[in-house]
């Protein structure tokens, strides 16, 4: 058989296997759909929001959901749907930026602390210190010092999330490092850069990515919590958290101000968690 | 001495896996007599372990789909027993020794307590002191030096050979009539292996029990077993007395295995004999004789029809068209 | 080629490898002496078999020889050149010539790389830049170890144990080495696959002019493949001889016991009476004084408890470390 055709055939085989694996993996399917939907909503929020989320119209205060205002209006007569859509953009942005930063920094930290035990001992004690304080309280304190605002929320949540990624990456690195194929590489003269980045990293990254999807979910919730507590995204800028916060005083007259953003939070977090679970199975080469 | 203490008839077990239904063993029939060591040999995936787990019904209930046939112990079919009755059999009349003694022992329990627990499970009438007395006796019997001190130790404080002795002690403490030993010495060094095998042979003589030894090591079989069953891909391909098997192996697979291991006494051949290819997956069982694709004597008939396990003479059975002629 | 025949390829002199343990004995840092004072020569195109039980230090010796572990003391020579203290950067070019095959075919291949990529990586490490050339060489080597070109694209989990071990052999072979440490290369394989791999190793030895240090605990396999054999116990080399000599007349009491324990298929002589070794391996943290074997040796004398015997050449090419042969030392 011609080697080229073999290669093609093998590629096709692996691709088909991947597709079959993807379709059979229900958690991954649902998670991916929900997440993509959320990100699409966020990206298109400016276009599809029916009203300006900041436009105040006191005559239309606390209108229940109806044809014109699908999710009703809030205490200032602003359209809740538009505010939720803009809030989606903020939540997704916070979530994405936090996961990417903590992923990159956490992965590098984890790989190197796993490979070089002495460095690891120092870095991990640092992480332990950070994780010793309940993360929401730490976040409130940090934002309190730096001041509210999107940039500081992102910075704070990244700082809190890095240890989670770093720890997972480190423990995996420790495992992979002991495998015989790493020793075999050293026996053929490979240097530490090649071993870490071309051989350990690919074995570590899938599990770390799973962790990242959970970080994404946590970041969305944490942002909402901070905004709810009034130290996150400052009003009048809409965020899922501060919409609920504004709704809590009028919860008995206007349930829609609390329920709809709540549903968005729950759905996106559930979707992201499912995505993580699904990814874990999908990326494992041994579960074919 | 020809009473069949254990007789397995047409045993077949199928398991559910990712790749679909898999028949791990298919139509296994053999028997074990009192005061003899029956060897079951074969390579990984031949179904030798599944066979023995089935005897004690220790298989993974979740994946087992079908178990057919009969397992007659003293004339009674164990497959008809309730789970409660089986618990009484396991570790009582039939007990088992595993390859990995470290994971088979409870790491946070003292050795002595583990043995006493086993005794009390099957002999509720005994007092703790009586059970301890019995446990100490058995430790002495399996040749553990300073056994009184060992009684108070934890599994990780012992060497591999000692742990395997402890496992044997636990298996023997209720005076079983059948001992199933699943690769008992595979994880051990040769000098320790020799000690453990000598121990098993000695205990068999003393207690008159029947031992079923599962192994992949032909030399161990040749030295210790009385009768041998050779398995390949879920079937028995040959059965004979040990001497008959090694002096006149009839199945090409048996012969191939014997020729492919380097001998300790003969002149060295230029190259070792090789059985071509590898054992196929259970999901890709060839049609006809299962060994045909790897067999150098295979004919068209072998590839089309499955030979039966037939007796040649004096209990020497073989599943091969060539040998049966 | 012929004059190369007796040339010494690898040599160790008084090689020692101690591992510090997190424990203190009498106020001193405790050590496990995994390799103790081993001097050995391995010749061109020779298979040197190294046997011994778990924990005797045979694997550590093999790894120290390739400087995958740094020796505590002693020297290592490659073709007469001292390579003990070369910095790792400079040592890299020697790595081509000194390779290793590992025991476990399941953990010795990176699960995320195809067979081809695993082989090519070794070439990339040694500085071969041309991608085409790397691929061609990998395909060639796959053929040499009995695999087919289409295996190039397969991932490790798609192979059987025997095929994986062939990839492991290909990886060691691709740099054109002269010396390969084989660390239990067949002990994880089934009987029918074992002989395939052993034959392959022997064929390659001839066609590629290789020398092996063949580490194994299966004595019948070592007897078959080796030209010379060394027996290790608790970090020491107890005995060394040509294969035939070792099996005809083992000298060291430990070697005798070890050989007696090997099960055999032999019905002609009836059941042989074997002299089994008593007891178990002492803890390497607290090795016995004098000769480390005296606690289990049926012939132990007073001197054995006090003084560690020297390695002596008793017959030509047959060395032993035992007080029983103190007078028999070959007069040179």
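Chains as they are written, first to last, in this note's numbering: chain E, 2 to 289; chain V, 4 to 328; chain S, 18 to 349. Positions of the beta carbon are idealized from the N, C-alpha and C atoms, including for glycine. No experiment lies behind these values; they were computed from the predicted model shown.
Here's the rule: buried if 16 or more other CB atoms are within 10 angstroms of the residue's CB, otherwise exposed. What is residue i?
i             : result
residue 181/E : buried
residue 337/E : This structure cannot settle anything about residue 337/E, because the visible part of chain E is limited to 2 through 289.
residue 170/E : buried
residue 148/S : exposed
residue 37/S  : exposed
residue 148/V : exposed
residue 27/E  : exposed
residue 243/S : buried
residue 348/S : Interpretation of residue 348/S is limited by its pLDDT of 49, a score under 50 that renders its predicted location unreliable; no figure is taken from the coordinates.
residue 67/E  : exposed
residue 41/S  : exposed
residue 217/E : buried
residue 41/E  : exposed
residue 80/E  : buried
residue 13/E  : exposed
Would residue i pass as an interface residue toward chain S - the criterion being a Cβ-Cβ separation below 9 Å?
i             : result
residue 261/V : yes
residue 38/V  : no
residue 211/E : no
residue 178/E : no
residue 150/V : no
residue 182/E : yes
residue 236/V : no
residue 21/E  : no
residue 54/V  : no
residue 249/E : no
residue 221/V : yes
residue 1/E   : Chain E is shown only over 2 to 289; residue 1/E falls outside these bounds and no answer can be derived.
residue 172/E : no
residue 113/V : no
Give me the Cα-Cα distance between residue i and residue j, rounded to the nearest whole angstrom.
i             : j             : result
residue 39/E  : residue 91/V  : 59 Å
residue 150/S : residue 110/S : 19 Å
residue 106/E : residue 195/E : 19 Å
residue 32/E  : residue 209/E : 17 Å
residue 73/S  : residue 252/S : 5 Å
residue 162/V : residue 108/V : 13 Å
residue 148/E : residue 92/E  : 18 Å
residue 139/V : residue 301/S : 29 Å
residue 39/V  : residue 135/S : 50 Å
residue 101/E : residue 77/E  : 36 Å
residue 259/V : residue 168/E : 52 Å
Give me the chain S residues within the contact set of residue i, using Cβ-Cβ distance strictly less than 8 Å, ordered along the chain.
i             : result
residue 106/V : Within chain S, no residue comes near residue 106/V; the closest Cβ sits about 17 Å away, beyond 8 Å.
residue 276/V : 212
Would a check of beta-carbon distances place residue i closer than 9 Å to chain E?
i             : result
residue 143/S : yes
residue 117/S : yes
residue 135/S : yes
residue 108/S : yes
residue 121/S : yes
residue 37/S  : no
residue 171/S : yes
Examine chain V for any beta-carbon lying closer than 9 Å to the beta-carbon of residue i, and answer yes or no.
i             : result
residue 240/S : yes
residue 62/S  : no
residue 258/S : no
residue 279/S : yes
Note down, in chain order, every chain S residue with its Cβ under 7 Å from the Cβ of residue i.
i             : result
residue 249/V : 282 and 284
residue 253/V : Result: empty, since nearest Cβ-Cβ is about 16 Å, beyond 7 Å.
Note down, in chain order, every chain V residue with its Cβ under 8 Å from the Cβ of residue i.
i            : result
residue 71/S : 163 and 192
What residues of chain E sit near residue i, judged by a beta carbon separation below 8 Å?
i             : result
residue 124/S : 180, 181 and 182
According to DSSP, what are the bridge partners of residue i?
i             : result
residue 25/V  : 18/V
residue 231/S : 66/S and 199/S
residue 253/S : 250/S
residue 81/V  : Answer by DSSP bridge pairing: none, since residue 81/V is not bridged.
Counting only Cβ pairs nearer than 9 Å, list the residues of chain S close to residue i.
i             : result
residue 207/V : The contacting residues do not exist; residue 207/V stays about 15 Å from chain S at best.
residue 195/E : 138, 141 and 142
For residue i, return the contacting residues in chain E, with the cut-off set at a CB-CB distance below 9 Å.
i             : result
residue 104/S : By Cβ distance, chain E contributes nothing, its closest Cβ being about 13 Å from residue 104/S, past 9 Å.
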